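Using the numbering used here, the first residue of the sequence shown is number 220, and each one after it goes up by one. Beneath this line is the structure, given in structure tokens, with notes to follow.
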Amino acid sequence: MEEDYEDRPISRKRRANIPKILSYRHVVAVCFNQFGSWAEVDNPTPLKSKEVSDQLDGSEDEYFYQFTAGPGKLTVTFEVKAAGTNAGAYLDLFNAKSRPVLSNVLAQGVDGSSEQVVESAQISQRQTMTLRIKGIKYGSSGGQGTYRVLLDGAVSVAPAGTPETKSAESESKTDDSNQTVSFAGTWKTVIVGVGFEVRLQQVDDKVIGTYTPYNGKIEGTVTGSTVRFKWIQDGGLTGTGEFSMNKGEQSFSGSSTQDKPGAVATPWNGTRPAAFFAGVWNVASADKTSTLTLQQIANRITGSLKSASGNGVESIEDATLVGNSLSFKLKSANGQLSSGFFLMNKDGKSFTGSIGANKLTGTLVKVD
């Protein structure tokens, strides 16, 4: 999976005249709280200004905003001011792939005071960013105040009435009208930092499926490398979305929009889980058959290949698993190394590949 190391925090400044009022236990509890309902996540407010502010009512309510940033340095100033005894909130910032750029940025005020935190991040390319503000609950009373966020640097916001500009990433996705790709299978997906498991079935160009949590259902049609669909989930919430398959068919980039006036598209991206190669396999090439035994822990794979003729055992080394493809080195008894590659078929019980110049196929005998 591609690492987004280009989108990263690069500095932090904090200005406050108050002591910290959250215990370590409280911080951990808040940091691991789940996001709110899909309705909140899937309906962020598009920013029309580089500054946004609102009230904090002492609850753990969440507020979502979207804007365009990059390429370059983005600076975020986050300020919380208490109206009475105390007030606080967390800020999170996600890139177009729903990966966190800034996480759990805390600001809080006491006895009418305020705290201001300044964070900077390097954004690799022009893209849609999602900002989340989450209030903090301080027991049965208190917590009222205001928050303010100021954006500076590589950021642009659309004036009221301006059509939304597509991110550079979304513009790079094109449909291949000559071939309909398959979205069938299980996908690990993320939308604004929340994980969803999506299971899809496809017959010709028709796709149906489910996702969890929220007991969601999907129904759509594939055109080229893109599936456009409708979704429905718990609470009667409905919406539309689309997934565009990336090169290699191991991941897709997409979006979801709730059926609600003023709703904007939220990034929804997914990857295929890594294939499971552990087991005993019958491997056949043009001139011989062999028994392949593989062990797998997460993405780490080891094993051995034994010829049916019994002429020695070769070991699998330096294995790299990406999606449904496995590349490795095969080391013979005399230390000679050959490069190998297996591509798991969709049934999960067979693969094609090669070792050196020899093409081969593998069939699962038993799961080890």
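Each residue gets a CB set at the ideal place from its N, CA and C atoms; glycine is no exception. In this text the structure is predicted, and so the values were computed from the model without any measurement.
Pairwise C-alpha distance: residue j and residue i
{"i": "Leu-325", "j": "Thr-476", "result": "29 Å"}
{"i": "Ser-588", "j": "Arg-367", "result": "The shown model of the chain, from 220 to 587, leaves out residue 588, and the question about it has no answer."}
{"i": "Leu-579", "j": "Asn-501", "result": "10 Å"}
{"i": "Val-413", "j": "Ser-504", "result": "44 Å"}
{"i": "Lys-568", "j": "Val-586", "result": "10 Å"}
{"i": "Tyr-357", "j": "Gly-277", "result": "7 Å"}
{"i": "Phe-286", "j": "Asp-566", "result": "42 Å"}
{"i": "Ser-474", "j": "Val-374", "result": "21 Å"}
{"i": "Lys-316", "j": "Asp-453", "result": "25 Å"}
{"i": "Glu-388", "j": "Gln-346", "result": "Because Glu-388 carries a pLDDT of 40, less than 50, the predicted location of this residue cannot be relied on, and the following value inherits that uncertainty. One C-alpha to the other measures close to 7 Å."}
{"i": "Ala-527", "j": "Lys-507", "result": "8 Å"}
{"i": "Thr-521", "j": "Gln-515", "result": "7 Å"}
{"i": "Val-499", "j": "Asp-423", "result": "33 Å"}
{"i": "Ser-470", "j": "Ala-552", "result": "38 Å"}
{"i": "Thr-399", "j": "Lys-479", "result": "31 Å"}
{"i": "Phe-570", "j": "Leu-583", "result": "9 Å"}
{"i": "Gly-404", "j": "Met-348", "result": "29 Å"}
{"i": "Gln-540", "j": "Ser-332", "result": "Reading the sequence as shown, one finds Leu at residue 540 and not Gln. Distance between the alpha carbons of Leu-540 and Ser-332: 53 Å."}
{"i": "Asp-311", "j": "Gln-344", "result": "19 Å"}
{"i": "Tyr-309", "j": "Gly-362", "result": "13 Å"}
{"i": "Lys-292", "j": "Ile-535", "result": "44 Å"}
{"i": "Ser-523", "j": "Ser-401", "result": "33 Å"}
{"i": "Ser-463", "j": "Gly-443", "result": "9 Å"}
{"i": "Gln-327", "j": "Ala-484", "result": "31 Å"}
{"i": "Gln-538", "j": "Thr-296", "result": "The sequence shown places Ala at residue 538, not Gln. Distance between the alpha carbons of Ala-538 and Thr-296: 45 Å."}
{"i": "Thr-294", "j": "Ala-288", "result": "10 Å"}
{"i": "Asp-525", "j": "Ser-472", "result": "Here residue 525 turns out to be Lys, not Asp, going by the sequence shown. C-alpha separation (whole angstroms): 41 Å."}
The beta strand (DSSP E) enclosing residue i, as first and last residue numbers
{"i": "Val-532", "result": "532-541"}
{"i": "Glu-270", "result": "270-276"}
{"i": "Asp-311", "result": "305-313"}
{"i": "Pro-319", "result": "319-329"}
{"i": "Thr-521", "result": "519-526"}
{"i": "Thr-405", "result": "404-410"}
{"i": "Thr-347", "result": "346-354"}
{"i": "Phe-283", "result": "281-301"}
{"i": "Val-422", "result": "413-422"}
{"i": "Val-488", "result": "Note that residue 488 corresponds to Asn in the displayed sequence, not to Val. Counting along the chain, the beta strand (DSSP E) containing Asn-488 begins and ends at 488-490."}
{"i": "Val-584", "result": "577-585"}
{"i": "Asn-501", "result": "498-504"}
{"i": "Tyr-357", "result": "Unbroken run through Tyr-357: none, as it is neither H nor E."}
{"i": "Asp-566", "result": "First-last for Asp-566: undefined, no H or E at that position."}
{"i": "Phe-495", "result": "From DSSP, Phe-495 is part of no beta strand (DSSP E); its letter is neither H nor E."}
{"i": "Leu-513", "result": "508-516"}
{"i": "Leu-210", "result": "The chain is shown only over 220 to 587; residue 210 falls outside these bounds and no answer can be derived."}
{"i": "Ser-544", "result": "544-550"}
{"i": "Tyr-430", "result": "425-431"}
{"i": "Leu-370", "result": "363-375"}
{"i": "Ala-482", "result": "That residue, Ala-482, is in no beta strand (DSSP E); it is neither H nor E in DSSP."}
{"i": "Gln-335", "result": "333-342"}
{"i": "Glu-438", "result": "435-442"}
CB-CB length for residue i against residue j, believed under 8 Å
{"i": "Tyr-284", "j": "Leu-266", "result": "5 Å"}
{"i": "Glu-533", "j": "Lys-550", "result": "6 Å"}
{"i": "Val-446", "j": "Glu-468", "result": "Contact flag wrong, Cβ pair sits at about 12 Å."}
{"i": "Glu-270", "j": "Leu-369", "result": "5 Å"}
{"i": "Phe-415", "j": "Thr-431", "result": "7 Å"}
CB of residue i within 9 Å of CB of residue j, strictly
{"i": "Asn-543", "j": "Leu-562", "result": "yes"}
{"i": "Pro-581", "j": "Gly-575", "result": "For the record, residue 581 in the displayed sequence is Gly; it is not Pro. No; because the gap between Cβ atoms is not below 9 Å, this pair is not in contact."}
{"i": "Gly-554", "j": "Ser-546", "result": "no"}
{"i": "Asn-465", "j": "Ala-493", "result": "no"}
{"i": "Ser-322", "j": "Gly-372", "result": "no"}
{"i": "Gly-439", "j": "Ile-451", "result": "no"}
{"i": "Ala-301", "j": "Val-329", "result": "yes"}
{"i": "Glu-334", "j": "Glu-298", "result": "yes"}
{"i": "Gly-364", "j": "Asn-305", "result": "yes"}
{"i": "Gly-307", "j": "Leu-275", "result": "yes"}
{"i": "Val-441", "j": "Gly-428", "result": "no"}
{"i": "Leu-513", "j": "Ala-497", "result": "yes"}
{"i": "Val-376", "j": "Ile-342", "result": "no"}
{"i": "Gly-458", "j": "Ala-482", "result": "yes"}
Short CB-CB distance (under 9 Å) between residue i and chain D
{"i": "Phe-313", "result": "Of the protein chains in the structure, only one exists, and it is not chain D."}
query = Given 8 Å as the limit, is there contact between the stretch 487-494 and the stretch 406-425, that is, 3 or more CB pairs closer than that?
reply = At 8 Å Cβ cutoff, the stretches touch.
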